[in-house]
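Peer 1: Once you've had a glance at the structure underneath, I'll fire off some questions.
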Ligand SMILES: C[S@@+](CC[C@H](N)C(=O)[O-])C[C@H]1O[C@@H](n2cnc3c(N)ncnc32)[C@H](O)[C@@H]1O
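Residue numbers (our numbering): 168 to 478.
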């Protein structure tokens, strides 16, 4: 059974039901995510973009206090619109040996491999389409250079609060002493501002969530009626957890390949978490995971931080 089918059935046969958000990103999902990022409510992109457009020189200088020449590995680069600023700074300083983007979306890797070397001449790019850690192990096989791993866009928020340290420890175990990591975290702030970012007026987030049902229909021979599901987002300010759900608006059953999945009226399917952190929580957790915090880079509103870590 293919992995996508196995994960979808496992999620929808569980109680409560869930789907894994890493499957949002097919070609249509990539396009919708670009629209979400460009929406007025999605402050995360502007905040992190401000950090990269204004402070990439500072970030590069800090990185180069620890290494003269590095491989840059990027987890989930999307269109690399932020990291391009840092890549350009490091290229100008003749400090990048290789750039290895890793993304589960083959489409993303194809697009980046075509466009990035045009925007940054002489950049040696080799893309890897697949899961973060599987692909990082392949990178380790082909290069033993000192590394800077980028994990931007608050992707780390897609792990639950208690799963995030596990992810960071796994990452640390695949790196060597002297390697560095730059992680983007969305910070706790006005709950209304956070909730609005996951409930945009134009409805792109809703479409993005429903697109996963369309993808399952297309790729797993399923018959979801998309209009029978509604998008619902919540934010709980104490744990800092923003959660998205699809709600079945009626009792219904859906076929996926040979399986039949029953939904009650108003039954939720958990789709995604976007976890928010305080600076104190970030520093404490990362220290426990074996990283030394070198610097925080904040936007002017302090909505977001990119934290530079050393192994
Ligand atoms: C939210 S986008 C962020 C894009 C970019 N980092 C930014 O800040 O604009 C998440 C990206 O991570 C990729 N992704 C999600 N889960 C992944 C996984 N488990 N392994 C590899 N890539 C993944 C997606 O395909 C997508 O390109």
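Just so it is clear, CB atoms sit at the ideal spot from N, CA and C, and this is done for glycine as well. All values reported here derive from a predicted model rather than from experimental measurement.
(1) Use the C-beta contact count for residue 378: other C-beta atoms within 10 angstroms, 16 or more gives buried, fewer gives exposed.
(2) Going by alpha carbons, who is nearest to residue 199 out of 255, 246 and 221?
(3) Please state whether the Cβ-Cβ distance between residue 271 and residue 294 is less than 9 Å.
(4) If we count the other Cβ atoms within 10 Å of its Cβ and call it buried at 16 or more, is residue 168 buried or exposed?
(5) Hey, how far is the Cα of residue 458 from the Cα of residue 221?
(6) Does the distance from the C-beta atom of residue 439 to that of residue 351 stay below 9 Å?
(7) For residue 285, is the classification buried or exposed, using 16 other Cβ atoms within 10 angstroms of its Cβ as the cut-off for buried?
(8) Helix or strand or just coil, what does DSSP make of residue 400?
(9) I'd like to know whether the C-beta atoms of residue 363 and residue 208 end up nearer to each other than 9 Å.
(10) I'd like to check one pair, residue 412 with residue 358: are the Cβ atoms closer than 9 Å?
(11) Which class does residue 408 belong to by DSSP, given the choice of helix, strand or coil?
(12) Does the Cβ of residue 410 have 16 or more other Cβ atoms within 10 Å, making it buried, or fewer, making it exposed?
(13) Are the beta-carbon atoms of residue 398 and residue 373 separated by less than 9 Å?
(14) In terms of alpha-carbon separation, which member of 388, 407 and 342 lies closest to residue 360?
(15) Exposed or buried, which one is residue 441 when buried takes at least 16 other CB atoms within 10 Å?
(16) Strictly by DSSP, which residues pair up with residue 389?
(17) If you follow the alpha helix (DSSP H) that residue 361 is in, where does it begin and where does it stop?
(18) Can you tell me whether residue 454 is buried or exposed, with buried defined as 16 or more other CB within 10 angstroms of its CB?
(19) Pairs of beta-carbons, one from the segment 308-323 and one from the segment 262-269, closer than 8 Å: are there three or more?
(20) Helix, strand or coil for residue 436 per DSSP?
(21) Could you spell out where the alpha helix (DSSP H) holding residue 232 opens and where it closes?
(22) Under a three-way DSSP split, which group does residue 367 fall into?
(23) Is residue 175 helix, strand or coil when you go by DSSP?
Peer 2: Concretely, from the data shown:
(1) Counting the other Cβ atoms within 10 Å of the Cβ of residue 378 gives 16 or more, which makes it buried.
(2) Nearest of 255, 246 and 221 to residue 199, Cα basis: 246.
(3) For residue 271 and residue 294, no; Cβs fall outside 9 Å.
(4) Exposed, since its Cβ has fewer than 16 Cβ neighbours within 10 Å.
(5) If you take the alpha carbons of residue 458 and residue 221, they lie about 25 Å apart.
(6) Not closer than 9 Å, so no.
(7) If you draw a 10 Å sphere on the C-beta of residue 285, you find fewer than 16 other C-beta atoms in it, and that means exposed.
(8) If DSSP states are grouped into helix, strand and coil, residue 400 belongs with the strands.
(9) Contact: yes.
(10) No.
(11) Secondary structure at residue 408: strand, using DSSP grouped into helix, strand and coil.
(12) With 16 or more Cβ atoms within 10 Å of its Cβ, residue 410 is classed as buried.
(13) In contact: residue 398 and residue 373 (Cβ atoms closer than 9 Å).
(14) The residue with the shortest Cα to Cα distance from residue 360 is 407.
(15) When all chains shown are included, residue 441 counts as buried.
(16) Beta-bridge pairing by DSSP links residue 389 to 423.
(17) Residues 358-364.
(18) In summary, residue 454 is exposed, with fewer than 16 beta-carbon neighbours lying within 10 Å of its beta-carbon over all protein chains present.
(19) As far as the Cβ criterion goes, the segment 308-323 touches the segment 262-269, which means the pair count is three or higher.
(20) It is a strand residue.
(21) Going by DSSP, residue 232 is part of no alpha helix (DSSP H) at all; its letter is neither H nor E.
(22) Reduced to three states, the DSSP call for residue 367 is coil.
(23) It is helical.
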